[in-house]
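Participant:
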Amino acid sequence: SSVELGNSTELRFNTWNREGIAAVRQYDANRIVMIVSGYWQAWNYTCNYLTLPSNHGYRVIVAFHYYVPVDFTHQGLPDFHPIGVPWGMSEAEKQQMRDRLDLIQTTWAGIPISCTEFGVGLTGTPQQQADLASYRKTWLRVFSNKCKQLGFGYAAYTMVGANETDVFALYNTTDHTWNGPYVNEIK
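Numbered according to our numbering, the sequence shown terminates at residue 1099, and the numbering increases by one at each position without gaps.
Rendered as structure tokens:
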């Protein structure tokens, strides 16, 4: 089981990680524990602010979330950006994602790493969704392929929107079917 603590300062997360590991080790010295950073476990906070507790015993997994660039991954969601933002049209955009994942690997060399949340929102009208489908597939493919190459664990996130639709849409909770074209990109 796991608990996502949400948004907090980096210092508090580092303290909670150290205290949590100590509490777990009292009962199970071999239990693997996921450690997380602040700011919703954002990849850059994981690289820049997370510290490995001295009591980790190498039985930890560094966990992070990846939704970059947010104007693409969260377009159309309340409090975010308008629909119609493309991604992956240039090799530079794809390489920037790969470089960020490489940085996570370099920062935490020797420690297992897992992206416990990633995805690209699927909102808007059916036509808007169709217009963005190839960009969404490209983002999912580039991300999951790099995670596989680096040996990262990864788990896609499905968020149910205000109108009870699956915003990240890998699984349709209404008709209980997988969204094959997107699922195929992350296999």
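Virtual Cβ for every residue (Gly too), placed ideally from N, Cα, C.
Can you tell me which of the three DSSP states Ala1074 falls into?
Facilitator: Taking the first residue of the sequence shown as 1, we reach residue 1074 at position 162. Confidence at Ala1074 is low in this model, with a pLDDT of 49, below 50, so its placement is unreliable and the value that follows should be read with caution. Coil at Ala1074, not helix or strand.
Participant: Out of Ile995, Ser1046, Gln1008, which one is the CA nearest neighbour of Lys1058?
Facilitator: The residue labelled residue 1058 in the question sits at position 146 within the sequence shown. Ranking the options by Cα distance to Lys1058, first place goes to Gln1008.
Participant: State the DSSP-derived secondary structure class of Ser913, mapped to helix, strand or coil.
Facilitator: Reading the sequence shown from its first residue, position 1 is the one you call residue 913. With a pLDDT of 44 at Ser913, under the threshold of 50, the predicted position of this residue should be treated as unreliable, though the coordinate-derived value follows. In the structure shown, Ser913 sits in coil (DSSP, three-state: anything other than H, G, I, E or B).
Participant: Decide if Ser913 is buried, meaning its Cβ has at least 16 other Cβ atoms within 10 Å, or exposed.
Facilitator: As a first step, residue 913 is located in the sequence shown; it is residue number 1 there, counting from the start. Any reading at Ser913 must be qualified, since the residue scores a pLDDT of 44, below 50, and its modelled position is unreliable; no value is offered.
Participant: Which whole-angstrom value is the C-beta distance of Thr1035 and Ile995, which I expect to be below 8 angstroms?
Facilitator: By one-based count along the sequence shown, residue 1035 stands at place 123. By one-based count along the sequence shown, residue 995 stands at place 83. Thr1035 to Ile995, Cβ: 6 angstroms. Contact.
Participant: Let me check understanding here. Comparing Cα to Cα, which of Ala1081, Val948, Val972, Ile1023 lies closest to Ala1045?
Facilitator: To locate residue 1045, count along the sequence shown from 1; it is residue 133. Looking at Ala1081, Val948, Val972, Ile1023, the one whose alpha-carbon comes closest to that of Ala1045 is Ala1081.
Participant: Return the bridge partner residues of Glu1029 from the DSSP annotation.
Facilitator: Translated into the one-based positions of the sequence shown, residue 1029 becomes position 117. In the DSSP output, where bridge partners are listed per residue, Glu1029 has His977.
Participant: Please name the residue or residues paired with Met946 in a DSSP beta bridge.
Facilitator: Indexing the sequence shown from 1 puts residue 946 at position 34. Partner(s): Ile973.
Participant: Which two residues bound the contiguous alpha helix (DSSP H) that contains Ala1045?
Facilitator: As a working note, residue 1045 is residue 133 in the sequence shown. Per DSSP, Ala1045 belongs to the alpha helix (DSSP H) from 1038 to 1062.
Participant: Run the CB neighbour count on Gln1039, radius 10 Å, all protein chains shown included, and call it buried at 16 or more, exposed below.
Facilitator: Taking the sequence shown and counting its residues from 1, one reaches residue 1039 at position 127. Counting Cβ neighbours within 10 Å, Gln1039 comes out exposed, since fewer than 16 surround it.
Participant: Going straight from the alpha carbon of Arg943 to that of Gln1041, what length do you get?
Facilitator: For the purposes of this step, residue 943 is taken as the residue at position 31 of the sequence shown. For the purposes of this step, residue 1041 is taken as the residue at position 129 of the sequence shown. Each residue's alpha carbon lies about 43 angstroms from the other.
Participant: On a Cα-Cα basis, can you pick out the residue from Cys959, Asn960, Asn956, Pro965 that is closest to Glu931?
Facilitator: Translated into the one-based positions of the sequence shown, residue 931 becomes position 19. Ranking Cys959, Asn960, Asn956, Pro965 by Cα distance to Glu931 puts Pro965 first.
Participant: With Ile1025 and Ile1016 assumed to form a contact (beta carbons below 8 angstroms), what rounded beta-carbon distance in angstroms separates them?
Facilitator: Along the sequence shown, read from residue 1 onward, the residue named residue 1025 stands at position 113. Along the sequence shown, read from residue 1 onward, the residue named residue 1016 stands at position 104. That belief holds up - the Cβ atoms of Ile1025 and Ile1016 are roughly 6 angstroms apart, short of 8 angstroms.
Participant: What does the alpha-carbon distance come out to for the pair Ala935 and Ala954?
Facilitator: Against the sequence shown, residue 935 aligns to sequence position 23. Against the sequence shown, residue 954 aligns to sequence position 42. Our two residues, Ala935 and Ala954, have alpha carbons roughly 25 angstroms apart in a direct line.
Participant: What does the alpha-carbon distance come out to for the pair Leu962 and Ile973?
Facilitator: Mapped onto the sequence shown, residue 962 falls at position 50. Mapped onto the sequence shown, residue 973 falls at position 61. Each residue's Cα considered, the two are about 12 angstroms apart.
Participant: Just how far apart, CA to CA, sit Ala1074 and Gly969?
Facilitator: Along the sequence shown, read from residue 1 onward, the residue named residue 1074 stands at position 162. Along the sequence shown, read from residue 1 onward, the residue named residue 969 stands at position 57. Caution is warranted here: a pLDDT of 49 is assigned to Ala1074, below 50, making its placement in the model unreliable, and the coordinate value is therefore given only provisionally. When rounded, the distance between both Cα atoms is 43 angstroms.
Participant: My guess is that Val1032 and Phe984 are in contact by the Cβ rule of under 8 angstroms, so how many angstroms apart are they, rounded?
Facilitator: Position 120 of the sequence shown, counted from the start, is the residue given in the question as residue 1032. Position 72 of the sequence shown, counted from the start, is the residue given in the question as residue 984. Rounded, the Cβ-Cβ distance is 7 angstroms, consistent with contact.
Participant: Under the assumption that Glu1029 contacts His986 (Cβ atoms under 8 angstroms), give the Cβ distance between them as a whole number of angstroms.
Facilitator: In the sequence shown, residue 1029 corresponds to position 117, counting from 1. In the sequence shown, residue 986 corresponds to position 74, counting from 1. Not quite, the Cβ-Cβ distance comes to about 13 angstroms (not below 8 angstroms), so this is no contact.
Participant: Would the beta-carbon of Leu1044 be found less than 7 angstroms away from any heavy atom of the ligand MG?
Facilitator: Within the structure as shown, the ligand MG is missing, as the structure has no ligands at all.
Participant: Tell me whether the beta-carbon of Trp999 lies closer than 8 angstroms to the beta-carbon of Tyr1047.
Facilitator: In the sequence shown, counting from the first residue as 1, residue 999 sits at position 87. In the sequence shown, counting from the first residue as 1, residue 1047 sits at position 135. In contact: Trp999 and Tyr1047 (Cβ atoms closer than 8 angstroms).
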